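Everything in the sequence shown is counted per our numbering, starting at 160 for the first residue and increasing by one.
We put the CB at the ideal spot given by N, CA and C, even for glycine.
All of these numbers come straight from a predicted model, not from anything done at the bench.
See below for the structure under consideration.
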Amino acid sequence: MVGLDLEIQQWLSQHRTPVLTTVARWVMDAGMSGAVVVAVGAAGLVVVVMKRWWWQGITVGVSVVTAQAAARALKQMIQRGRPSGDLTVVQVGAFSMPSTVAAMTAAVAVASYLVLPWPAERRGWIVGLLAAPLVSIGVAMVYLGAHWATDVVAGWGVGAGVAGVVVTLARVAASNVRVDGGQDASTRT
């Protein structure tokens, strides 16, 4: 994998353009911005309260926090260095694998897809809408040299895996809690 990562970074470093670099910086900055995270979280909280999607909101939130913690712990165990020198446009501190931002965005996307009551006829569109920012941020981080490609893929795997486990546990817990006249909490919308 190291050889593939190096080939990808070398190819990208030889084919960067000012326009793509500007767009990639904007996407990466948006994906890593505390203000964006707070805004998305606040918007999510508003939806949770308005729709009364308590277990869904908690499940998505726990998925994100757990994915972040798992990615950070794995970084300390793996201790992989980031791209450097001519391979990078940006310098980011700390270890690189797995990408914490990729893990968090994957956790949001997967948990949201699994727990929210999307209409069946729109699920294909929903996948695209959830995947677009996830892929855009991941590609931007690799393009700019903040991460190796496998760091991002590993982050997506961590986030998706954590979300799957958290959603499963939440559904089991919710199925054991009866509310509103005996209706199963995991099926309420």
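The region 312-321 touching the region 239-259, judged by at least three CB pairs closer than 8 angstroms: yes
Alpha-carbon to alpha-carbon, W277 and V325: Reading the sequence shown from its first residue, position 166 is the one you call residue 325. Reading the sequence shown from its first residue, position 118 is the one you call residue 277. The alpha-carbon atoms of V325 and W277 are separated by roughly 19 angstroms.
Residue from R281, A333, V267, P292 whose Cα sits closest to the Cα of G323: In the sequence shown, the residue the question calls residue 323 occupies position 164. Comparing Cα-Cα distances from G323 to each of R281, A333, V267, P292, the minimum goes to V267.
Top-ranked residue by Cα proximity to I237, from A253, V321, V331: Locating residue 237 in the sequence shown gives position 78, where the first residue counts as 1. Nearest of A253, V321, V331 to I237, Cα basis: A253.
Burial state of D245 (16 or more Cβ within 10 Å): The sequence position of residue 245 within the sequence shown is 86, counting from 1. Counting Cβ neighbours within 10 Å, D245 comes out exposed, since fewer than 16 surround it.
Backbone CA spacing between A350 and T225 [nearest angstrom]: Coverage of the chain is limited to positions 160 through 348, which leaves residue 350 absent and any answer about it impossible.
R175 versus L293: straight-line alpha-carbon distance, rounded: In the sequence shown, counting from the first residue as 1, residue 175 sits at position 16. In the sequence shown, counting from the first residue as 1, residue 293 sits at position 134. Between R175 and L293, the C-alpha separation is close to 21 angstroms.
Alpha-carbon spacing of V219 relative to G318, whole angstroms: In the sequence shown, counting from the first residue as 1, residue 219 sits at position 60. In the sequence shown, counting from the first residue as 1, residue 318 sits at position 159. Those two C-alpha atoms are separated by around 11 angstroms.
Which listed residue (V248, D188, W214) has its alpha carbon closest to that of V331: Locating residue 331 in the sequence shown gives position 172, counting from the first residue. Taking only the C-alpha atoms, the option nearest V331 is W214.
Between the CA atoms of N335 and V196 - distance to the nearest angstrom: Indexing the sequence shown from 1 puts residue 196 at position 37. Indexing the sequence shown from 1 puts residue 335 at position 176. When rounded, the distance between both Cα atoms is 32 angstroms.
I167 versus A308, G320, V321, residue with shortest Cα-Cα distance: Reading the sequence shown from its first residue, position 8 is the one you call residue 167. Closest by alpha carbon: A308.
Pairwise C-alpha distance: V251 and A270: In the sequence shown, the residue the question calls residue 270 occupies position 111. In the sequence shown, the residue the question calls residue 251 occupies position 92. One C-alpha to the other measures close to 28 angstroms.
Beta strand (DSSP E) segments (min. 3 residues) lying fully within the region 180-227: none
Length at least 4, wholly inside the region 252-300: the alpha helix (DSSP H) runs in chain order: 259-274
Pair within 7 angstroms by beta-carbon distance, L171 and V249: For the purposes of this step, residue 171 is taken as residue 12 along the sequence shown, with counting starting at 1. For the purposes of this step, residue 249 is taken as residue 90 along the sequence shown, with counting starting at 1. No. Outside cutoff.
C-alpha gap between Q169 and A291, whole angstroms: Position 10 of the sequence shown holds residue 169. Position 132 of the sequence shown holds residue 291. Cα-Cα distance, rounded: 25 angstroms.
Where the alpha helix (DSSP H) through L328 begins and ends: As a working mapping, residue 328 is identified with position 169 in the sequence shown. Counting along the chain, the alpha helix (DSSP H) containing L328 begins and ends at 308-334.
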